[in-house]
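Enquirer:
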Amino acid sequence: MDKRQTRTLFLFQFKLGRNAADTAQNINVAFGLGTTNERTAQRRFRKFRNCDESLEDDSCEGRPSDADKDEMKAMVEANPRMILKDNSSKLNVSIGAVSSHWQVEEAR
Numbered sequence: 001m002d003k004r005q006t007r008t009l010f011l012f013q014f015k016l017g018r019n020a021a022d023t024a025q026n027i028n029v030a031f032g033l034g035t036t037n038e039r040t041a042q043r044r045f046r047k048f049r050n051c052d053e054s055l056e057d058d059s060c061e062g063r064p065s066d067a068d069k070d071e072m073k074a075m076v077e078a079n080p081r082m083i084l085k086d087n088s089s090k091l092n093v094s095i096g097a098v099s100s101h102w103q104v105e106e107a108r
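15 is the number that UniProt numbering gives to position 15 of the sequence shown; each next residue is one higher, with no gaps.
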């Protein structure tokens with residue numbers, strides 16, 4: 001079951017006046033344990049109560065990755081002891097992006 005289908009069931013149950021806990025439990029009984037959880041239902045019900053009945057994902061605006069992978073590789077190879085924070089700020093990417101790239105290179 002995909003997210004949109006689960007959210008449709010959440011909205012249906014919300015419109016019937018059901019609560020998030022019972023909704024999550026019923027979905028898991030009907031479609032299998034782990035299909036959803038109470039916390040996810042609570043978040044979606046909160047959106048519905050705030051007049052947001054959209055079933056789409058919220059747009060996530062993260063830090064865009066403008067880094068050239070070759071440039072990142074060159075920086076890591078040139079000075080592997082350089083602090084990740086320094087590399088990430090020079091490349092205008094997240095620390096996680098540099099760290100992930102560095103770990104991939106280490107594994108090779």
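All C-beta atoms in this analysis are idealised placements derived from N, C-alpha and C, irrespective of residue type, glycine included.
(1) Please give the ranges of any alpha helix (DSSP H) in the UniProt domain "Mos1 transposase HTH" (3-50), keeping only runs that are unbroken, at least 4 residues long and fully inside the region.
(2) Please classify residue 4: is it buried, with 16 or more other beta-carbons within 10 angstroms of its beta-carbon, or exposed?
(3) Just the C-alpha distance for residue 34 and residue 55, rounded to the nearest angstrom, thanks.
(4) Taking the straight line between their C-alpha atoms, what separation do you get for residue 29 and residue 21?
(5) Would you report the Cα separation of residue 73 and residue 40, rounded to the nearest angstrom?
(6) Once DSSP output is grouped into helix, strand and coil, what is the label at residue 56?
Expert: Well, looking at it:
(1) Counting whole runs of 4 or more residues, the UniProt domain "Mos1 transposase HTH" (3-50) contains the alpha helix (DSSP H) stretches 3-15, 20-31 and 38-49.
(2) It counts as exposed.
(3) Distance between the alpha carbons of residue 34 and residue 55: 20 Å.
(4) Residue 29 and residue 21: Cα-Cα distance of roughly 12 Å.
(5) For residue 73 and residue 40, the distance between alpha carbons rounds to 38 Å.
(6) Residue 56 falls in the coil class under three-state DSSP.
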